[in-house]
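Asks:
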Amino acid sequence: MSDKGLDLTLHVWRQPNRKAPGKFVDYKVTNVSQHASFLEMLDILNESLVAKGEEPVAFDHDCREGICGMCSLMINGRPHGGNKATTTCQLHMRFFSSGDEIWIEPWRANAFPVIKDLCVDRSAFDKIIQAGGFITANAGSAADANDILVPKEEADAAMDAAACIGCGACVAACPNSSAMLFTAAKLSHLHHLPQGQGERGRRTLAMVSAMDAAGFGNCSNHYECEAACPKDISREVIAEMNRDYAKASFAHKEHAGKADGA
Amino acid sequence: MLKLDPRTPTGPIGEQWTKAKFDFKLVNPANKRKYKVIVVGSGLAGASAASTLAELGYNVSCFCFQDSPRRAHSIAAQGGINAAKNYQNDGDSVYRLFYDTVKGGDFRSREPNVHRLAEVSVNIIDQCAQLGVPFAREYGGTLANRSFGGAQVSRTFYARGQTGQQLLLGAYSGLSRQIGAGKVKMFPRTELLDIVVADGRARGIVVRDLVTGAISSHSAHAVLLCTGGYGNVFYLSTNAKGCNVTATYRAYKKGAGFANPCYTQIHPTCIPVSGDYQSKLTLMSESLRNDGRVWVPKSKADIAKHPDQIGDGDRDYYLERKYPAFGNLSPRDIASRAAKEQCDDGRGVGPGGRGVYLDFRDAIKRDGKPRIEEKYGNLFEMYERITGEDPYRVPMRIYPAVHYTMGGLWVDYHLQTTVAGLFCLGEANFSDHGANRLGASALMQGLADGYFIIPYTLGNYLAGVKADSLVDTTNAAFTDAEAGVKARLDKLMNIRGKRSVDSFHKALGQIMWEDCGMARSKESLERALTAIPKLREEFWRDVSVLGERDSFNQSLEKAGRVADLLEFAEMLVNDALVREESCGGHFRVEHQVEGEAKRDDDNFCNATVWEYKGDGVAPERNLEPLVFDNVHLATRSYK
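Listed in order, the protein sequences are those of chains A and B. Position 107 (the first sequence) corresponds to 107 in this note's numbering; numbering is contiguous. Position 162 (the second sequence) corresponds to 1162 in this note's numbering; numbering is contiguous.
Right, here's the structure in full:
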């Protein structure tokens, strides 16, 4: 791989706040190292903007190693840039070529309003978890950890779903802005474990209600979410959730439609 | 002079915590709801403390600067969490974990605190398993373990390479349950900018809403700082970009003593720096050293060769050579210095000669690729994504990087700082890891503090505080603090200089890494003490913060944090200068025997606690003597 720097044209979404209209603004960045990450490329852009007295582009990021879920960005129409199982912060410039034009936008979904430029408000995800994405167990109440045996296959399946970083790429990718993959991943994680069984029905109903209440759309089986997920969460979790939802709707009729299942 | 009473219990070490718990005063269940508690930070310490205190019935408010409590930097911990379960039947015990931690910390921690940590470690695993943390399991369903540095038993519990994430999501789920139930009021995207102290007690905090820029005050009977470490004083570190020292430094300025800031941990296995645009460094978990072998070419002539072309006889597996008993699992400080030593000797590999190989060739040959993939697959993928190289075929290149900070606010056995009602948990405090933290012990400490220690010690404090003693936020103590916060923000906004905040942060990091990093000397530290004030002066003259004060403004957020780091750095360097010995992560080149750290127990068997005396005035140095009744002071050997 050559170490030649890249010259790029960026079309970046700028929007001062939630209420003001936004627009694409064009910028040039030059001689960007191929070893730089995408966010480091934006750092370089921002340094050049500050030097010119222009306000830097706001974007969310924190750990920059693909685990906190804070970074986002639609890059050329693909969440996190479209590389398989890669977050924006782990996307490196070696996947681009000199002369490329790159379109950079925030996640777009009614449930994720824009805060500024490329930053959006994802607190709707927290509300879904608050409705039931937990196992009720106060500190100090647990028995010895080896008293609950979890066969390796089940523990692995739980871990596969638990790998979700809550970034919202699934919602951004979905033509319906559905949060089914996110919600179902949390349910699948807890429902593959014996500890999660006690609240299974009410948890499913409560989290689905919260998801609907937050303004996310429904699933119509496009599976864009799975393709966009930086943690490779399988769409099969959605099928598990639908089965649980159907079962729980019969078993817990009195809870159906209530967001307070917790 | 600070009053440094560690309030450690008396009696045999194994009975102290039990005795303390019985002696603590209690708050009757019906009265708990009358008390307000502020928790700052939502990582393992903060989330576990906030949820547990809410479960007990206290009124809790929790604050974090991230957009969700689930994103706190605990999430990035990879390898595991220690606990003295002895599920492997390999000789582990509470006492052995205690012993390993005291020794690993190079005899600079407080024995009773460490023993308590080892005791509650077993409860943490129980609690986390109950909350649904998907720990790795054996086929029969029991919990699996692996080994970590500084231990000869297998006591580390893990969830693939994402243990921190899974533990944090567990703590976050418990916190979310309490938020949903209305027991915790959560303030995401909100940053602490000051702590309010009146009549000698912590009364609340002043915060900035990062979305609107609004400044507001919050009053409480007690304030818990769970705000993590200060590794970002080095700019390049494995910390998240947002990690900062502001909360603990503000507390220091309000009277809380700051202990041992010079104890900084350099992690031996990180991906090397690739260019000047570099914004952070990525850790490759210590767990990799279970199977990976660390080496450099024996001869300088071989450094540019492809590793495949260097035969076994021409490779120097220097950790195995120097430390045969612990080999590749030597503790972090020792492994880091050994890597630096090889590179300083001109045998480092990769760009700039700042790298050593971490090689899985033999492990893949022994166990097969699928087994290695199962254990470390996500780490290998991460490495390939960043470097473009496939570690199944080419050895990883690694180099030490700043990772963790053992120093922090001084706390007593109750986790209370030198300010009454102000508590400090997790990485933000100083007590348990001494001068060097062992791998997989940070997660343990954060959760121990939050789930199993603060619920007892805070109750003891609140039992002596009247419920109606809450100070109203219209009181001058709050309005003055708010005015101070606003004035400082205005000052930053009005400089309108030319240099970006990041450029100052990078310059500070350069000074710290070069002159106060893996090896420190009187000369280098004095050089740093000249450079830092100059840089700080330039910052306040020439920093450029664009945008508006009362809106979402990431430059302003960073500017406030870097301003605090620029002051804090000086305290750190000073601490390194006065500690005329080498211990753990603090290596003074003047104090060594054959390349190994040389402690001076006659003069430095203590914690240094810095006391703020005013801006521009040298802080006062206080000492807490450390007593080793159980683990006898000895030269640490891993040979």
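Note that CB positions come from ideal geometry on N, CA and C, so glycine has one too.
Label A:D260 either buried or exposed according to how many other C-beta atoms from any shown protein chain fall within 10 Å of its C-beta, with 16 as the threshold for buried.
Replies: Because the pLDDT of A:D260 is 47, which lies under 50, any placement of that residue in the model is unreliable, and the number read from its coordinates should be weighed accordingly. It is exposed - the Cβ of A:D260 has fewer than 16 other Cβ atoms within 10 Å.
Asks: Is any beta-carbon of chain A found at less than 8 Å from that of B:A1076?
Replies: Yes, its Cβ sits closer than 8 Å to a Cβ of chain A.
Asks: DSSP three-state label for B:L1358, please.
Replies: strand
Asks: Classify B:K1254 as helix, strand or coil using the three-state DSSP reduction.
Replies: coil
Asks: Out of curiosity, what's the CA-to-CA distance linking B:P1625 and B:N1606?
Replies: 4 Å
Asks: Check for me: the alpha helix (DSSP H) holding A:N146 runs from which residue to which?
Replies: Run containing A:N146: none; DSSP gives neither H nor E here.
Asks: Quick test of your reading: B:L1225 and B:G1041, contact by CB under 8 Å. State the CB separation rounded to the nearest angstrom.
Replies: 7 Å
Asks: Taking CB distances under 8 Å as the criterion, tell me whether A:L205 reaches chain B.
Replies: Answer no: the Cβ-Cβ gap between A:L205 and chain B never drops below 8 Å.
Asks: Taking all protein chains shown into account, do 16 or more other C-beta atoms lie within 10 angstroms of the C-beta of B:P1029, making it buried, or fewer, making it exposed?
Replies: exposed
Asks: Whole angstroms are fine: how far does the CA of B:V1133 sit from the CA of B:L1169?
Replies: 8 Å
Asks: Who are B:K1036's beta bridge partners in DSSP?
Replies: B:N1059
Asks: Please list, in chain order, the chain D residues whose beta carbon lies closer than 7 Å to that of A:E55.
Replies: The structure shown contains no chain D; its protein chains are A and B.
Asks: Measuring straight from C-alpha to C-alpha, what distance separates B:I1660 and A:A145?
Replies: Only positions 1001 to 1639 of chain B appear in this structure, which leaves residue 1660 of chain B out of reach.
Asks: Should the stretch 1366 to 1383 of chain B be regarded as contacting the stretch 1231 to 1240 of chain B, the criterion being three or more beta carbon pairs within less than 8 Å?
Replies: no
Asks: Have a look at B:P1331, B:G1182, B:H1306, B:A1335 and flag the residue whose alpha-carbon is nearest the alpha-carbon of B:Y1318.
Replies: B:A1335
Asks: Per DSSP, what are the beta-bridge partners of A:I104 in this structure?
Replies: Note: A:I104 sits in a beta bridge opposite A:V12, A:I75.
Asks: The ligand HEM and A:V237: does the residue's C-beta get closer than 7 Å to at least one heavy atom of that ligand?
Replies: The model on display carries no ligand, and the ligand HEM is accordingly not part of it.
Asks: Taking a Cβ distance cut-off of 7 Å, strictly less, list which residues of the stretch 57 to 73 of chain A are near chain B, in chain order.
Replies: A58, D60, H61, D62, C63, R64, E65, G66, I67, C68, G69, M70
Asks: Using a Cβ-Cβ cutoff of less than 6 Å, which residues in the same chain neighbour B:G1014 once the five nearest sequence positions on both sides are dropped?
Replies: Beyond the five residues adjoining it in sequence on each side, B:G1014 comes within less than 6 Å, by CB distance, of no other residue in the same chain.
Asks: Contact criterion: CB-CB distance below 8 Å. Does A:G215 meet it with respect to chain B?
Replies: no
Asks: Return no unless some Cβ of chain A is closer than 8 Å to the Cβ of B:L1224.
Replies: no
Asks: Please classify A:H61 as buried or exposed, where buried requires at least 16 other C-beta atoms within 10 Å of its C-beta.
Replies: buried
Asks: Might you give, ordered along the chain, the residues of its own chain that have their beta carbon closer than 6 Å to the beta carbon of B:K1185, omitting 5 neighbours on each side?
Replies: So the list reads S1061, once near-sequence residues are dropped.
Asks: 8 Å is my cut-off, CB to CB: does A:Q130 come that close to chain B?
Replies: Cβ-Cβ to chain B under 8 Å: yes for A:Q130.
Asks: Compare the C-alpha of A:P56 against each of A:V12, A:E65, A:R64, A:K84 and name the closest.
Replies: A:V12
Asks: Looking at chain A, which residues of the stretch 1379 to 1407 of chain B have a Cβ within less than 9 Å of any of its Cβ atoms?
Replies: Among the residues of the stretch 1379 to 1407 of chain B, those with a Cβ less than 9 Å away from any Cβ of chain A are E1381, M1382, R1385, I1386, T1387, G1388, in the order of the chain.
Asks: Specify, as a first and last residue, the run of the beta strand (DSSP E) that B:E1620 falls within.
Replies: Start and end: 1620 to 1625.
Asks: List, from N- to C-terminal side, the beta strand (DSSP E) runs of 3 residues or more that fit wholly inside the stretch 1173 to 1245 of chain B.
Replies: 1184 to 1187, 1190 to 1198, 1201 to 1209, 1215 to 1219, 1222 to 1225
Asks: List, in order along the chain, the chain A residues whose C-beta lies closer than 7 Å to that of B:V1211?
Replies: I115
Asks: For B:K1241, decide whether its Cβ has a neighbour in chain A, counting only Cβ atoms nearer than 8 Å.
Replies: Chain A, which has a Cβ nearer than 8 Å to the Cβ of B:K1241, makes this yes.
Asks: Given this structure, state the Cα-to-Cα distance separating A:L264 from A:K116, to the nearest angstrom.
Replies: Examination of residue 264 of chain A is not possible in this model, given that chain A is present from 1 through 262 alone.
Asks: Using a Cβ cut-off of 8 Å (strictly closer), state whether A:E40 contacts chain B.
Replies: yes
Asks: Mind the definition here: the stretch 1174 to 1191 of chain B touches the stretch 1113 to 1124 of chain B only if three or more C-beta pairs lie below 8 Å; say whether that holds.
Replies: no
Asks: Give the list of continuous beta strand (DSSP E) stretches no shorter than 3 residues that lie fully inside the stretch 1111 to 1167 of chain B.
Replies: Taking only runs of at least 3 residues, no beta strand (DSSP E) segment lies wholly in the stretch 1111 to 1167 of chain B.
Asks: Buried or exposed for A:F310, please, with buried defined as at least 16 other CB atoms from any protein chain shown within 10 angstroms of its CB.
Replies: Residue numbering for chain A in the displayed model covers 1 to 262; residue 310 of chain A lies beyond these limits and cannot be assessed.
Asks: Looking only at C-alpha atoms, which of B:D1291, B:R1315, B:F1628 sits nearest to B:S1299?
Replies: B:R1315
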